[in-house]
Amino acid sequence: MRPISKKRKLVEQQERLHLAKRNFKRRFHTENIPWLRRIMRFLIRLFFVQAIGKKNAENLKLEKIQFSFPNLPEAFDNTRILLITDLHLDNTKDSEERLMKIVKNIDFDYCFLGGDYTNRWQENETAHISLTKITKELLKKSRVFGVLGNNDKYQIARTLARAGAEMLINEGLLIERNNDKIYLAGIDDCCEYYALADTKLANQNAEKNSFKIMLAHAPDKYREAENQGYDLYLTGHTHGGQICLPFGIAVITGTTVPRTMVKGKWNYHAMQGYTSRGAGTTNIKARYFCPPEITLITLRKTTAN
2 MRPISKKRKL VEQQERLHLA KRNFKRRFHT ENIPWLRRIM RFLIRLFFVQ AIGKKNAENL
62 KLEKIQFSFP NLPEAFDNTR ILLITDLHLD NTKDSEERLM KIVKNIDFDY CFLGGDYTNR
122 WQENETAHIS LTKITKELLK KSRVFGVLGN NDKYQIARTL ARAGAEMLIN EGLLIERNND
182 KIYLAGIDDC CEYYALADTK LANQNAEKNS FKIMLAHAPD KYREAENQGY DLYLTGHTHG
242 GQICLPFGIA VITGTTVPRT MVKGKWNYHA MQGYTSRGAG TTNIKARYFC PPEITLITLR
302 KTTAN
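My numbering applies: residue 2 is where the sequence shown begins, and numbers increase by one.
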């Protein structure tokens, strides 16, 4: 794991000063317009759907999806990856218990953690304890890799690393199996809060023509990843919109990527991607037409014609 960068250290030291500067600079970004959240909370109470939204937010689902690649190394055919993003452990009651109830009943080869383990950048001792317990349970089944999100201080990375997770902060590594290899890169927060993602730095140890996976908190760096030859981009951050209209139409996405990338499977040129709806919630502790998820991803090798 890379040491904390000077820029991240400065941002964490400044805290509210940096937040105020960021909010002014990006004042028209949906995440920085507080009255939007107030309106949503008001409408939820007005239509008496607060209890329903809370229940929806606690209904964690396991999504099962599959990706196929002609260049996937033979040894990694049928590899299963458990993707867990946006836990926001201090926002949803009993989230640790619900997560582990699902995890204990499934098998996977690797676990990827996609950031936003707590809510905002406030230190929360209970969340750190919970993260340690979750990581140690996950390690009983597989190796665990993680990245940081826009709500995560560097101390979160230290906590996860001490528990045994392999944290990737603008860095990558080779995963080997039966003499075959894939390259996994993880980038620092690429949202507007820290804005510390460096895809070139994360890619510097990749072997030529290797099969490559990018793990990122948010989908924003999809163009850079595709340009650097990544085959799969796994991400979260958007919560799938969290508060959606019928048929899952997101009201607010919290990102500038195309809406086709806000949740679920997507493609960008030769690269495939998946954006998780996330396991937790933002400050609005409710979900509508957008259930929380953890994702079991199976990688398959396609046979060349």
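Idealized CB from N, CA, C, for every residue including glycine. The model shown is predicted, which means the values in this text are computed figures rather than measured ones.
Need the endpoints of the alpha helix (DSSP H) that Val12 sits in, please. Lys7 to Gln15
Could you pull the DSSP bridge partners for Cys191 from this structure? DSSP lists no partner for Cys191.
Kindly indicate which three-state DSSP category Met215 falls into: helix, strand or coil? strand
Three-state class that DSSP yields for Ile170 in the structure shown: coil
Excluding the five sequence neighbours on either side, which residues of its own chain have a C-beta within less than 6 Å of the C-beta of Arg231, listed in chain order? Reading off the sequence shown, one finds Tyr at residue 231, where the question assumed Arg. Lys213, Met215 and Met272, listed in sequence order.
Let's test the definition: count the other Cβ atoms within 10 Å of the Cβ of Gly281 and tell me whether it reaches 16, buried, or not, exposed. buried
Interface flag, Met215 vs chain C, CB-CB below 9 Å: The structure shown contains no chain C; it is built from a single protein chain.
So, for Cys180: in the same chain, excluding its five sequence neighbours on each side, which residues have a beta-carbon less than 8 Å away from its beta-carbon? Note that residue 180 is Asn in the sequence shown here, rather than Cys. For Asn180, where only same-chain residues beyond five positions count, the Cβ hits under 8 Å are Ala76.
Could you tell me which whole alpha helix (DSSP H) segments of length 4 or greater appear in the stretch 78 to 121? 96 to 104
Based on the DSSP secondary-structure assignment, which residues constitute the bridge partners of Ala271? According to DSSP, Ala271 bridges with nothing at all.
Taking only the alpha-carbon atoms, compute the straight-line gap between Tyr269 and Met262 and give it to the nearest angstrom. 9 Å
Note down the Cα distance separating Val148 from Ile5, rounded to an integer number of angstroms. 13 Å
Could you name the residues that DSSP lists as bridge partners for Lys65? Leu297
Alpha carbon to alpha carbon, what distance is there between Pro247 and Ser211? 41 Å
On the DSSP letters alone, give me the boundaries of the beta strand (DSSP E) that Leu233 sits inside. Leu233 to Thr236
Thinking C-alpha only, which one of Lys201, Lys8, Gln205 and Cys192 is nearest Thr236? Cys192
Grab the span of the beta strand (DSSP E) containing Arg3 for me, first residue to last. Counting along the chain, Arg3 falls outside any beta strand (DSSP E), and DSSP gives it neither H nor E.
Using CA atoms only, rank isn't needed, just tell me which of Ile285, Gly115 and Ile298 is closest to Ala52. Ile285
Where does Arg178 land, buried or exposed, given buried means 16+ other C-beta within 10 angstroms? exposed
In the structure shown, what three-state DSSP assignment does Glu177 receive? strand
Those residues which DSSP pairs with Lys302 across a bridge: Phe70
Please identify the residue among Ile183, Ser277 and Ile103 whose C-alpha is closest to the C-alpha of Ala219. Ser277
Three-state secondary structure (DSSP) at Thr276? strand
Any idea what DSSP makes of Ala287, helix, strand or coil? coil
Tell me Ala251's beta-bridge partners as DSSP assigns them. Cys245
Return the CA-CA distance between Ile298 and Leu83, expressed in angstroms with no decimal places. 6 Å
Is Pro292 helix, strand or coil when you go by DSSP? coil
Ends of the beta strand (DSSP E) at Arg260? Per DSSP, Arg260 belongs to no beta strand (DSSP E) and is neither H nor E.
N-terminal and C-terminal residue of the alpha helix (DSSP H) that Gly54 is part of: Gln51 to Ala58
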